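Taking it in order: structure first as structure tokens, then the write-up.
Numbering (the working numbering), first residue to last: 0 to 152.
And the structure:
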């Protein structure tokens, strides 16, 4: 086989290879809301779900909300994507805020859902530029505020 020419790929063969990803698309309005959150820090969190082949905004929390509010809105048994403006104070008391992307995929949700979210994660994080960290959380200990802050610092 060494030295044999590779078989030519037709346009049709290549396009079918590209379509092997999840095929999920990001709803257009999400980019505007994300950019506003990133530039003006207007939201504490945004939670997204995959619905009918689209990543859609399911829940958002205004700036006055806390991480605890975000945690309470996150479904315990279903995967979700989220962008959270994580707030904490440095050892010398300076307030800090960083945008963190969280891929929440609880261990006890269905395999099909986990695979759909896992195969869509890369596509959404590439579009949401300016994130400080991208975190994968699979159980309740991973999603606790102290653990997230530890990962962000």
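Cβ coordinates follow ideal geometry from the N, Cα and C atoms, glycine included. Predicted, not measured: the structure shown is a model, and the values here were computed from it.
N- and C-terminal bounds of the alpha helix (DSSP H) containing residue i
i           : result
residue 102 : Looking at the DSSP string, residue 102 is not in any alpha helix (DSSP H); the run it does join, the beta strand (DSSP E), is 94–103.
residue 23  : Note, residue 23: premise wrong, no alpha helix (DSSP H); not H, not E.
residue 139 : Residue 139 -> no alpha helix (DSSP H), and no H or E assigned at all.
residue 59  : Not the alpha helix (DSSP H): residue 59 falls in the beta strand (DSSP E), residues 53–61.
residue 124 : 110–126
residue 107 : It is not in any alpha helix (DSSP H) - residue 107 carries neither H nor E in the DSSP assignment.
Test item: CB-CB of residue i and residue j under 9 Å
i           : j           : result
residue 73  : residue 103 : yes
residue 99  : residue 52  : no
residue 54  : residue 29  : yes
residue 39  : residue 80  : no
residue 105 : residue 125 : no
Separation of residue j from residue i, as counted between CA atoms
i           : j           : result
residue 142 : residue 150 : 11 Å
residue 131 : residue 114 : 25 Å
residue 26  : residue 66  : 25 Å
residue 111 : residue 119 : 12 Å
residue 64  : residue 123 : 24 Å
residue 50  : residue 91  : 44 Å
residue 135 : residue 61  : 23 Å
residue 88  : residue 69  : 19 Å
residue 117 : residue 129 : 21 Å
residue 127 : residue 58  : 17 Å
residue 145 : residue 71  : 15 Å
residue 36  : residue 140 : 26 Å
residue 133 : residue 121 : 10 Å
Candidates the options, of which the one nearest residue i by Cα
i           : options               : result
residue 32  : 83, 70 and 51         : 83
residue 137 : 107, 120, 100 and 126 : 107
residue 41  : 48, 85 and 50         : 85
residue 95  : 81, 36, 38 and 148    : 148
residue 152 : 121, 34 and 93        : 93
Continuous beta strand (DSSP E) stretch holding residue i: start and end
i           : result
residue 135 : 132–136
residue 76  : Taken as a continuous stretch (DSSP letters only), residue 76 belongs to no beta strand (DSSP E), as it is neither H nor E.
residue 48  : 42–50
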